[in-house]
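Participant:
2 protein chains.
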Amino acid sequence: MTQTACYDKTEAGKETAGIAETVNAQTEKQSIQEMLEAMGQRAKEAGSWCAGLSTKEKNDLLLKAADRLEADAGRILAANDMDVKRAQENGMAAGLVDRLRLTPERIAGIASGIREVAALPDPIGRVESMEKRPNGLMIGRKRVPLGVVGVIYEARPNVTADVFALTFKTGNAVILKGGRDAAASNAAIVESLQSVLPKPAVVQLIEDNSREVTNAFMKLREYVDVLIPRGGKGLIQATVNNATIPVIETGTGNCHAYIDETADKDMAIAIVENAKTQRIGVCNALESLVVHRSRLPMLKELETVLDKHNVQIRADEASRPYFDHALAATEEDFGTEYLDYILSVKTVDSVEEAIRHINRYSTGHSETIVTKDYDNAQKFLDQVDSAAVYVNASTRFTDGNEFGFGAEIGISTQKLHARGPMGLEALTSSKFIIYGNGQVR
Amino acid sequence: MTQTACYDKTEAGKETAGIAETVNAQTEKQSIQEMLEAMGQRAKEAGSWCAGLSTKEKNDLLLKAADRLEADAGRILAANDMDVKRAQENGMAAGLVDRLRLTPERIAGIASGIREVAALPDPIGRVESMEKRPNGLMIGRKRVPLGVVGVIYEARPNVTADVFALTFKTGNAVILKGGRDAAASNAAIVESLQSVLPKPAVVQLIEDNSREVTNAFMKLREYVDVLIPRGGKGLIQATVNNATIPVIETGTGNCHAYIDETADKDMAIAIVENAKTQRIGVCNALESLVVHRSRLPMLKELETVLDKHNVQIRADEASRPYFDHALAATEEDFGTEYLDYILSVKTVDSVEEAIRHINRYSTGHSETIVTKDYDNAQKFLDQVDSAAVYVNASTRFTDGNEFGFGAEIGISTQKLHARGPMGLEALTSSKFIIYGNGQVR
């Protein structure tokens, strides 16, 4: 997978997430429901088919799909061109238009992402921990597909193919609800994918981008086993609030670095510089620095390094005098995921106070401590309540590829089912299989 | 745990699930919200405390709690007596009153259930699969508590103590919302538990049983990490529809047995008899029999066995002539969890047709095939999409104790997070812990 799901959200807030004309007529509502239920029914059937495929059959079809996308590049680029033109006419910001635009190279990248997924080990069918019970029953737990996965995302057409590869590899059918701005591109990509599949309904795209359809889709619990929103905070919040389908919350990261009393100064500065500036718009970027009071003097040197990247510093009262040109941090700053060249700074008197501050303000994504103290390192790992907790490393490593999963469908910031970067395994469930020879209770 | 979470639901539908006077005033709403948020805040703090306890500290407190419940038996029985009297005055059915009633023996049973949980291995803190990445980062996945668990249940006071034991053992705080009918009993039990805990808020009971409070509780997402409804279909449906907190759906079981062409006749009859009649009101009881057409002649003998238990048979057209006194099954019968001495019967021409029928009508709980055919056994295990799939054994084994988990918080019929009987591990999450030495990207 060339793209990480923890994508650049610099401009995500500015996207218009599929809000169209209000359609209120009762008949309209019924037809939306019928349309979605028909899709759900087809997805369920296609999911059963897909669940029965061997790993080799799935991989062959993935490779075919990758080839097909490259062969269809002309058609896909033409469709994408329509999206881009309309977006520009509507005054979309340049950064967003860039994310929307496909090129021959980007299509090649998408295809090679699919081939990489084909090369990954298949988790489906693995039986974990089969044991013999005293009554002779052999009970094992087998990895199985989730069934039908729903994904709601914004205006990046590459997500369409990425998500298909991951869900198909794990034997699932997928129903995609992309952003309105990428409608033609998404439809073109799905057409290519479907054309190589014996059961095209294994990947379906909801083409009606009205809010009514999105809301009804979120409640299609009878047909869809899990819903994954990929995008900005607004999309995720709307999904959590409206869905009756179980949701995996992804993405928001108000990440912290804590410079402990014994931190190596150069290491601390290098980690903060990297985590804050290497890529500002991603969910594992650093947003807030917590500093032990005894280390405030090193902030001047840190400021010099951050100045090179034009990072604006918003410091609390205790730390502000140590900077040359820091603004005053407000309470709100500590709770903000900037996704920008801004860093808040908080002073603490102990590792315990740092942990309390972080657990209060973080979104539970990624936090790191820089320290030479064994006990403080262990305490931080134990007590910080986040998906990924680091000692002496940049938060930027929270990523399916960096963690060795080979691919990632998103980064979960909730505690149920999957937490942290989600690889193929997060797209599976389990079932108990029991071999008996006539046992009754 | 002496009680199974897959409890007898024979009369569950008849419970009045905490529906009180409608309170509409805006001020009332605000105060409900404030009350719940204060509980949530206390639970979060208590959860952090509990997460930091060692296994020994948790076990010692569990044993203390068990002793305390026994010492407080007089006070608890007096409170329970009030609940029972009020229930009888309100005309509650005898079966429900029996479930509500506590006795000295039942309190001893509850205490010994807590002691059994104390004796179980503690999943918290275990690090799974720590690996060294090419850049030298050591990345491991550690079992951690979920945080705050919410449980909504009906009128069985023993659940109060059972749930506390399981959630406390796994380092979680719990907020309980019991049934109105057991209000005094639940409060008395919680009082005993809290009295031995340094942080009493680790177990809290919502004492206001109005529907407004229940609905607001289901949306307390900022404080509660997972919501587990334990009870009848109505309660579970209401929770799924109203909650914004992630829900683990438990319990409903429209379970099937399929008698294949090659089934051993005596084994088939013994399994059907056991699964249907050993305990009718539980979720793993058999509700529907699927029979290969070639084996219809054995139904007469099966009927003789089921007659001893007064099982009413509702048979499809093809099988009905083989019974002496079967009623005609309707389409609705195949989708019904009777929880009663009733069995529907469906005739099929192949294992494939049996699988299709089961996947269409089952609730995804437990299904079994009786067969001597290797291929059909494997096909059934592979393709039946349920939490527990058996070959040649009764469906009644789907239970945390029978599966060797030692205890169970419920049986999940959804695919996310946990599927099938949920032991202690289902009450945990994970976090990634990463040891570095200065790595940046």
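Note that the protein sequences, when read in sequence, are chains A and B.
If you use the UniProt record's numbering, the first sequence corresponds to residues 1 to 441, in order.
If you use the UniProt record's numbering, the second sequence corresponds to residues 1 to 441, in order.
Just so you know, even glycine gets a beta-carbon here, dropped at the ideal spot from N, CA and C.
Computed from a prediction, not measured in an experiment: that's the story for all the values here.
(1) What does a CB cutoff of less than 6 Å around residue 40(B) pick up in its chain, not counting 5 residues either side in sequence?
(2) Which word fits residue 103(A), buried or exposed, when buried means at least 16 other C-beta atoms lie within 10 angstroms of its C-beta?
(3) Within the 8 Å Cβ cut-off, does residue 413(B) reach chain A?
(4) Check the Cβ-Cβ distances between residue 238(B) and every residue of chain A, and say whether any is below 8 Å.
(5) DSSP on residue 40(B), reduced to helix/strand/coil?
(6) Tell me which residues of the segment 256-285 of chain A have at least one Cβ-Cβ distance to chain B shorter than 7 Å, keeping chain order.
(7) Could you spell out the range, first to last residue, of the alpha helix (DSSP H) harbouring residue 64(A)?
(8) For the ligand MG, is there a heavy atom less than 7 Å away from the beta-carbon of residue 256(A)?
(9) According to DSSP, which residues form a beta bridge with residue 230(A)?
(10) Determine the direct distance from the alpha carbon of residue 380(A) to that of residue 319(A), and round the result to whole angstroms.
(11) Applying a beta-carbon distance threshold of less than 7 Å, which residues of chain A neighbour residue 390(B)?
(12) To be precise: take each residue of the segment 208-227 of chain A, compare its Cβ to all Cβ atoms of chain B, and keep it if any distance is under 8 Å. Which residues remain?
(13) Near residue 358(A), what residues of its chain come up, given a Cβ to Cβ distance below 6 Å and the 5 sequence neighbours on each side ignored?
(14) With a threshold of 8 Å, are at least 3 pairs of Cβ atoms found where one atom belongs to the segment 321-340 of chain B and the other to the segment 278-298 of chain B?
(15) With a threshold of 8 Å on Cβ separation, who are the neighbours of residue 278(B) within its own chain once the five nearest residues in sequence on each side are excluded?
(16) Determine whether the beta carbon atoms of residue 123(A) and residue 424(A) lie at a separation below 8 Å.
(17) Listing by chain order, which chain A residues have their CB less than 9 Å from the CB of residue 420(B)?
(18) Determine the extent of the beta strand (DSSP E) in which residue 256(B) is found, giving its start and end residues.
(19) Which chain B residues are close to residue 164(A), counting only those with a beta carbon under 8 Å from its beta carbon?
(20) Give the residues of chain A in contact with residue 241(B), contact being defined as C-beta atoms less than 8 Å apart.
(21) Between which two residues does the beta strand (DSSP E) harbouring residue 305(A) extend?
(22) Mind checking whether residue 260(A) and residue 369(A) have CB atoms under 8 Å apart?
(23) For the segment 392-406 of chain B, list every residue whose C-beta sits within 8 Å of some C-beta in chain A, in sequence order.
(24) Less than 7 Å between C-beta atoms, sequence neighbours within five positions excluded: which residues of the same chain meet that for residue 68(B)?
(25) Against chain B, does residue 331(A) count as a neighbour if the rule is that its beta carbon must be under 8 Å from one of theirs?
(26) Which same chain residues end up closer than 7 Å to residue 166(A) when comparing Cβ atoms and leaving out the 5 residues on each side of it in sequence?
(27) What three-state label does DSSP hand residue 384(A) in the structure shown?
(28) What residues of chain A sit near residue 440(B), judged by a beta carbon separation below 7 Å?
(29) Please give the ranges of any alpha helix (DSSP H) in the segment 305-382 of chain A, keeping only runs that are unbroken, at least 4 residues long and fully inside the region.
(30) Return yes when the Cβ of residue 316(A) is within less than 8 Å of the Cβ of residue 345(A), no when it is not.
(31) For residue 225(A), count neighbouring C-beta atoms within 10 Å of its own C-beta (all shown protein chains included) and say buried if the count is 16 or more, exposed if not.
(32) Taking only three categories from DSSP, how would you classify residue 207(B)?
(33) So which residues of chain A does residue 137(B) contact, with C-beta pairs closer than 7 Å?
(34) Of the residues 386(A), 440(A), 392(A) and 291(A), which one's Cα is nearest the Cα of residue 145(B)?
(35) By Cβ distance below 6 Å, which residues in the same chain neighbour residue 429(A) in space, the five residues on each side in sequence not counted?
(36) Chain A partners of residue 133(B), CB-CB under 9 Å?
Facilitator: Well, looking at it:
(1) Answer for residue 40(B): 220 and 223, listed in chain order.
(2) By the Cβ neighbour-count rule, residue 103(A) is exposed, with fewer than 16 other Cβ atoms within 10 Å of its own.
(3) With 8 Å as the cut-off, residue 413(B) does not count as an interface residue toward chain A.
(4) No, residue 238(B) does not count as interfacial toward chain A.
(5) Under the three-state reduction of DSSP output, residue 40(B) falls in the helix class.
(6) Against chain B - using a Cβ distance shorter than 7 Å - the residues of the segment 256-285 of chain A are 267, 270, 271, 274 and 278.
(7) Start and end: 55-71.
(8) Among the components of this structure there are no ligands whatsoever, and the ligand MG is therefore not found.
(9) The bridge partners DSSP lists for residue 230(A) are 153(A).
(10) CA-CA distance, residue 319(A) to residue 380(A), rounds to 22 Å.
(11) What residue 390(B) touches in chain A: 434 and 436.
(12) Within the segment 208-227 of chain A, the residues whose Cβ lies closer than 8 Å to some Cβ of chain B are 221, 225 and 226, listed in chain order.
(13) Answer for residue 358(A): 256, 367 and 384, listed in chain order.
(14) Note that the segment 321-340 of chain B touches the segment 278-298 of chain B; at least 3 beta-carbon pairs, one per stretch, sit closer than 8 Å.
(15) 285, 394 and 396.
(16) Contact check for residue 123(A) against residue 424(A) passes: the beta carbons are separated by less than 8 Å.
(17) Chain A residues near residue 420(B): 141, 430, 431 and 432.
(18) Element bounds for residue 256(B): 255-259.
(19) Chain-ordered listing is empty here: chain B has no CB closer than 8 Å to the CB of residue 164(A), the nearest sitting near 20 Å.
(20) By Cβ distance, chain A contributes 244.
(21) Per DSSP, residue 305(A) is not a residue of any beta strand (DSSP E); the alpha helix (DSSP H) it occupies stretches across 299-307.
(22) Contact: yes.
(23) Against chain A - using a Cβ distance shorter than 8 Å - the residues of the segment 392-406 of chain B are 392, 393, 394, 396, 397, 398, 402, 403 and 404.
(24) Cβ neighbours of residue 68(B) beyond the five flanking positions: 192, 195 and 196.
(25) Taking Cβ atoms only, chain B never reaches closer than 8 Å to residue 331(A), which makes this a no.
(26) Excluding the 5 residues flanking it on each side, residue 166(A) has same chain C-beta neighbours closer than 7 Å at 117, 407, 409, 424 and 427, in chain order.
(27) Look at residue 384(A) here: in three-state DSSP terms it is coil, with no helix or strand label.
(28) Those are 270, 271, 274 and 394, listed as they occur along chain A.
(29) Here the runs fully enclosed are 331-334 and 351-361.
(30) For residue 345(A) and residue 316(A), yes; Cβs fall inside 8 Å.
(31) Buried, because 16 or more other Cβ atoms sit within 10 Å of the Cβ of residue 225(A).
(32) Correct three-state label for residue 207(B): coil.
(33) For residue 137(B), the chain A residues whose C-beta falls within less than 7 Å of its own C-beta are 393 and 397, listed in chain order.
(34) Among 386(A), 440(A), 392(A) and 291(A), the Cα nearest to that of residue 145(B) belongs to 386(A).
(35) Once the five neighbours on either side are set aside, the close Cβ partners of residue 429(A) are 144 and 146.
(36) Listed by position along chain A, the residues whose Cβ is nearer than 9 Å to that of residue 133(B) are 397, 402, 403 and 404.
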